[in-house]
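Asks:
Chains as they are written, first to last, in our numbering: chain A, 28 to 179; chain B, 28 to 179.
(1) Taking only beta-carbon atoms, is residue 45(B) less than 8 Å away from chain A?
(2) Can the beta-carbon of residue 116(A) be found less than 8 Å from the beta-carbon of residue 72(A)?
(3) Closer than 8 Å is the cut-off here; do at least three beta carbon pairs connect the segment 128-136 of chain A with the segment 41-51 of chain B?
(4) Using a Cβ cut-off of 7 Å, which residues of the segment 135-153 of chain A contact any Cβ in chain B, in chain order?
(5) So, using beta-carbon positions, are residue 179(B) and residue 152(B) closer together than 8 Å?
(6) How about residue 75(A) and residue 43(A): are their beta carbons less than 8 Å apart?
(7) Taking only beta-carbon positions, decide if residue 37(B) is within less than 8 Å of chain A.
(8) Which residues in chain A have a C-beta closer than 7 Å to the C-beta of residue 174(B)? List them in chain order.
(9) Which residues mark the beginning and the end of the alpha helix (DSSP H) in which residue 92(B) is found?
(10) Identify each residue in the segment 93-111 of chain A for which the Cβ-Cβ distance to at least one residue of chain B is less than 7 Å, and report them in chain order.
(11) Using a cut-off of 8 Å between C-beta atoms, extract the partners of residue 168(B) located in chain A.
(12) With distances taken Cα to Cα, identify the nearest neighbour of residue 39(B) among 64(B), 105(B) and 56(B).
(13) Contact criterion: CB-CB distance below 8 Å. Does residue 73(B) meet it with respect to chain C?
(14) Can you grab the Cα-Cα spacing for the pair residue 171(A) / residue 168(B), in whole Å?
(15) Once the 5 residues before and after residue 175(A) are set aside, which same chain residues still bring their CB inside 6 Å of it?
(16) Are the C-beta atoms of residue 210(B) and some chain A residue less than 8 Å apart?
(17) Quick one: does residue 41(A) have its CB under 8 Å from some CB of chain B?
(18) Would you mind telling me which residues of chain B sit closer than 8 Å to residue 90(A), beta carbon to beta carbon, in chain order?
(19) Check each residue of the segment 51-63 of chain A: if its Cβ is closer than 7 Å to any Cβ of chain B, include it; give the result in chain order.
(20) Apart from the five residues on each side of it in sequence, which residues of its chain come closer than 8 Å, Cβ to Cβ, to residue 108(A)?
(21) Give every residue of the same chain whose Cβ lies closer than 6 Å to the Cβ of residue 101(B), excluding the five residues on either side of it in the sequence, and list them in chain order.
(22) Going by beta-carbon coordinates alone, are residue 173(B) and residue 141(B) separated by less than 8 Å?
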C-alpha cells in the first residue's frame, strides 16, 4: 500500500452517460448524477443512446418506416437530455452520440468507448429489464475497461 | 421527463468502500475515489472487508490458527485504509466494518447494507479474480439495491 498515492484525489474528466429509450425513471437519476459530477469537477460529458436489436421486433425490422420511427424517438430523447445538460454543464457538454447495432453493451465497448474515450460510464439501473440478462449498466460494469457506476 | 427534477444535483451521503484482502492495486483506486467523493461532498464513509469462504481452503478451514491468521490480516488491511481515510475525511469516517460468512456479495447485500445503509457502494475491479464469476463489484452492481461504482 503506497500511502502517498492513497492521498491523491481521484476524479473523472470524461463522463459518458448512457440513456435508455424506454426507462425515464432510471435515466433521470443517472442523468442527475452524471451532470452533478461533470459540473462539480469540470468534466466533459457525453450522452449516448444505442438502439438495441431487441427493441425492434421481427415484423418491425422489415418495415423501414418503423425503424425510422424508433430511431427518431431515441434521437429526440438523447437531444432532450443533452439540452437539459447544457443548462448546467454548458461549457463541457459534447454532442449527443448515437449508435445502433448488436447488443448495446457490445456497441458501447467496441465503438463508443474507443470514440469518446470516457474514464467513467454512468448508467441507470434499467428498472424494467430482465434480471437474468442484467441491465446495460451491470453488463458494462463487468465488460467495460473503464469505471462504471450503476445509479439506483 | 420532469425537467425540474433533472436540474436537481444528485450526490451521495453514505459511501461504503469494499476492500479486497488480496488486491491492493484495485483497492487503491477505489479508495481514492471513495475518499475524494466523501471529502468533497461531506459524506460518511464506511470501509468494509468480508472474509470469503473461497479464501479459506478446506485444510485451512480445519485449522483455527489459519483462520485467525487470515482474519487478522484482513482486519489489519481495513484498519490501515481507515487510518489513511481519517487523514482526509476525519469528521466523517466510521469504524471499519468487518464481516465474514458465505459469498462476499451476499454478506454485503444481506448484512452490511441493512446495517450501514449506504447510498453508494464503491468497489475495485478485482483485477485478479475470475472473469466468469465476476468481481465482487460487478456482482454487487447487479444485486445491490443501491448505486454501485466499479472503479478501474
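Using N, Cα and C, we set each Cβ at its ideal position, and we do this for glycine too. These figures come from a predicted structure and were not determined experimentally.
Replies: According to the structure shown:
(1) no
(2) yes
(3) no
(4) none
(5) yes
(6) yes
(7) yes
(8) 176, 177, 178 and 179
(9) 91-115
(10) 107 and 111
(11) 164, 165, 168, 169, 175 and 177
(12) 64(B)
(13) The question asks about chain C, but that chain is absent: this structure's protein chains are A and B.
(14) 13 Å
(15) 148, 167 and 168
(16) Because chain B in this structure spans residues 28 to 179, residue 210(B) falls outside the shown range and cannot be described.
(17) no
(18) Chain B residues near residue 90(A): none, gap ~27 Å exceeds 8 Å.
(19) 51, 55, 56, 58, 59, 60 and 63
(20) 44, 46, 54, 58, 74 and 123
(21) 48, 76 and 78
(22) no
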